[in-house]
Each structure stands twice: as structure tokens, then as C-alpha cells.
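Visitor:
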Amino acid sequence: MPDVEKNTVDTAAIATMLQSKDAEMKRILNYCVRCGICAESCFLYMAHKGDPQYMPSYKVINSLGILYKKKGNVDKSFFEGIKGLVWRNCVLCHRCYCPIGIDIPRMIDFTRSICRSQGVYPDHDGGESWL
Amino acid sequence: MYDVYGFIRGPMVWLSFAIFFGGLLYQARQFYVLTMETSLPRPPASVTGLAKGAVKRSSFDPRTMLFASAHPVLAVITTAFHACIIILPVFLLAHNVLLFESFGFSLFVFPEPVAGLMTWLVIFCGIFFLLRRILFDHVRAISTPYDYAILLIVIAPFLTGYLATRQWFGYESILVLHILAGELMLVAIPFTKLKHGLLFFFYRYLMHYEHTLGRGSRTWSGTTLHKRGNANA
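Residue numbers (our numbering), protein chains in the order written: chain A, 24 to 154; chain B, 267 to 499.
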């Protein structure tokens, strides 16, 4: 378990977590054709008048996608940066629709697990809100 | 020129088709290796029930799925684009002449004006997708050079094919470009994002998730690509 007080992450543990699901996650990340059709199926995207940061594929590509791209070699600030993407910008309602069959919430869920493993949690009492 | 033409019309065609079909078989096999039957609740196995369910939840049902999620114009354009890309090369007169020359049989062919219209449709839709990728914030935000390249790979055979049919800009050169573009597309399909042409059916009909069109009988098995370092082990 990483020391939450220190500003460090366990990159070996992150890499192990990434490897444990790489057959699925890397495959799906490469499979996404980036059509953007998932956008309008997300109520948060619609509520934010088309802000790309709320688009389901954007959330995954810029969190889990980067984690795989960097093979887990990230620092604490990276997790602090994606925290909003995977918690504030997504409620895991499972309504995001991908025309080619990507299960997007499954990927957000996995990203949250990696965040939690590094002591990064949502700010329930912070200033951030969904809407 | 004729040597090049002979090579790309001969051995390279067979090689491209071998890579195309071999690659698709590999992708299908990988799907079954990396997924497993799920014990999660799913719809009954009745064939008629399944068919009804699939139609009910089909991408073509305007009340659901694609048409509910995407803008109606986008939904129509993307459906037409995909249909033309798959159907047109198979039922094109010129391709069927080659098929007849090689194997002694041919398929139904579209009349030339219809084929021309479908080609225009593919080119028009391709330009639409290109502009959409450039102009729409949310699509541009996730676009990479790879995505533009994929679009180019798909459009090139249709554009060069149209030019070759009209015999514009030097028939022989354009024909060589057309055959090369077609072969590039065939080779690219199994190993790039274009594999969604095949895997769409596996992911949308077999995988167990919110928007499955079929029974959703399979789920990821958690197999890792690495022999060591499996966190679940």
C-alpha cells in the first residue's frame, strides 16, 4: 500500500495492475475508432453543453489510455489530474453507447481501482460537483 | 508499367487476400481465447426470441441505439457509408469481370450508374467524416493522425476507383494506385482499427454488457498478454 501522505505512487504496482487486464483493456483502447458517437449518450456531456471532457471516450483515453501508453510510469499529480475525469465527470450510469461495442464503464471502473490502489479518492467534500 | 501492373494484379492480390482472411481468422480466434462463457443472467436461448430482441434493439431501429444516441444525419450517413463500403466492391462490374476471368463465375452486379452513385456516396461521407473530425470540438479532442490515416486508407480505393472508371489523370497510373490502395486496405483491415468491421459482431452480439444486441453470453476471461506478473494470479 503506498504511503498516501508522501507524494509518491508505486509504479511497479500500477504496472502489475495494468498487465493483469492488458489483453482486454489495451485491445479495447486500440479498437476505439474515436468516432465521438458516445458523446451524446452521456447526460453529463449534454448537461455541460458539449464539453469534450465529459465525453465517455475522452475520459477513458485521457486516463487509462495514458496509463497504458506510459506503462504505469506516472506520478501522483497524474492521478490527481485524472481524478476529476473518472469520478466527477462520470457516475458509472452505464448508459454510454458505443456503436462498435466498447464497454466504457468497465474501463472507467478499472481506472478508479488503479487510482484507489494509489490512495487517490474522489473529493466528496471538496468544491467539485457533477453539475 | 505492365510489369508493375502484372505483379500487383497477380501475386500481391493473393498475398493481400491471404493476409486479409488470415488476419480476420486470427482476430476471431483471439476473441475466443481472451473471452469465456459467462454465468451471468442473460436472455433465453430461443432463436426466435433472440431474433426479435435483436431487431428490437437493432441499430436500424430509429427509437433505439445508434439513432437515439447519434444525430440523425450522422446516423444515416454512417449507416450508408458502411453499407456502401462493404457491398460496392463485392458487386462491382469490373471486379466481377476479374472474378469471372480468374474463377469462371461472377456475382450479381450493380448497374454502372448505381455503382457510380454509391462511390460518390462513400467519397461524400468520407469528406463529411473528415470535416467532422476537424471542425467538431468533441471529435477533434480525441483525434490522432492515426485516425486521419485510417479514413484515408478507406477512401483511397473508392476515389482512385472512380477516377479509373472515368479514365481521368492517366488511366494506367490511376489503376495501379487503385489496386495498391485496395490491397493496402485489405491488409490494414485485420490489424488496425478497421477490424471493427469484424469484431463489431463479436462485441455487440456476444459480449455481456449494457448494450448487447445478442445474448451477451461471453465476458473477458482476464487472460493477460504477459506470462508473468499477473496481479490476479
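Virtual Cβ for every residue (Gly too), placed ideally from N, Cα, C.
Pick out whichever of Tyr271(B), Ala294(B) and Ser439(B) has its Cα sitting closest to the Cα of Ile455(B).
Guide: For Ile455(B), the nearest C-alpha among the options comes from Ala294(B).
Visitor: Quick one, which of Leu479(B), Ile445(B) and His462(B) has its alpha-carbon nearest Glu290(B)'s?
Guide: Sequence inspection shows Leu at residue 290(B); the Glu mentioned does not correspond to that position. Comparing Cα positions, the closest option is His462(B).
Visitor: Which same chain residues, not among the five before or five after Arg470(B), have their C-beta less than 6 Å away from its C-beta?
Guide: These residues qualify, in order along the chain: Leu479.
Visitor: Could you check how far apart the C-beta atoms of Thr385(B) and Gly427(B) are, in whole angstroms? I think they sit under 8 Å.
Guide: Contact flag correct, Cβ pair sits at about 6 Å.
Visitor: Determine, using beta carbons only, whether Ser335(B) comes closer than 8 Å to chain D.
Guide: In the structure shown, chain D does not exist; the protein chains are A and B.
Visitor: Hey, quick one: how far does the alpha helix (DSSP H) through Thr31(A) stretch, first residue to last?
Guide: First-last for Thr31(A): undefined, no H or E at that position.
Visitor: Smallest Cα separation from Ala447(B): which of Ala415(B), Val380(B), Ile419(B) and Ser335(B)?
Guide: If we check each option's Cα against that of Ala447(B), Ile419(B) comes out closest.
Visitor: On the DSSP bridge assignment, give the partners of Glu303(B) in chain order.
Guide: Partner(s): Arg484(B).
Visitor: Going along chain A in order, which residues have a C-beta closer than 9 Å to the C-beta of Gly392(B)?
Guide: Per Cβ cutoff of 9 Å: no residues; Gly392(B) is ~13 Å from chain A at best.
Visitor: Looking only at its chain, what residues have a beta carbon closer than 8 Å to the beta carbon of His474(B), apart from the 5 residues adjacent to it on each side?
Guide: Closer than 8 Å at Cβ, skipping near neighbours: Thr304, Leu306, Arg308, Gly482, Ser483, Arg484 and Thr485.
Visitor: Contact between the segment 135-142 of chain A and the segment 398-416 of chain B: three or more CB pairs below 8 Å?
Guide: No: the two stretches stay apart, fewer than three of their Cβ pairs being nearer than 8 Å.
Visitor: Would you give the residue range spanned by the alpha helix (DSSP H) that Pro75(A) belongs to?
Guide: Element bounds for Pro75(A): n/a, residue is neither H nor E.
Visitor: Taking 8 Å as the CB-CB cut-off, is Arg470(B) touching chain A?
Guide: So yes, Arg470(B) belongs to the interface.
Visitor: Kindly list, in the order they appear in chain B, the residues whose Cβ is closer than 9 Å to that of Met130(A).
Guide: Result: empty, since nearest Cβ-Cβ is about 11 Å, beyond 9 Å.
Visitor: For a cutoff of 8 Å on Cβ pairs, would you count Tyr91(A) as touching chain B?
Guide: Closer than 8 Å: no.
Visitor: For the segment 51-66 of chain A, enumerate the residues whose C-beta is nearer than 9 Å to any C-beta of chain B, in chain order.
Guide: Of all residues in the segment 51-66 of chain A, Ile51, Asn53, Tyr54, Cys55, Val56, Arg57, Cys58, Gly59, Ile60, Cys61, Ala62, Glu63 and Ser64 have a Cβ within less than 9 Å of some Cβ in chain B.
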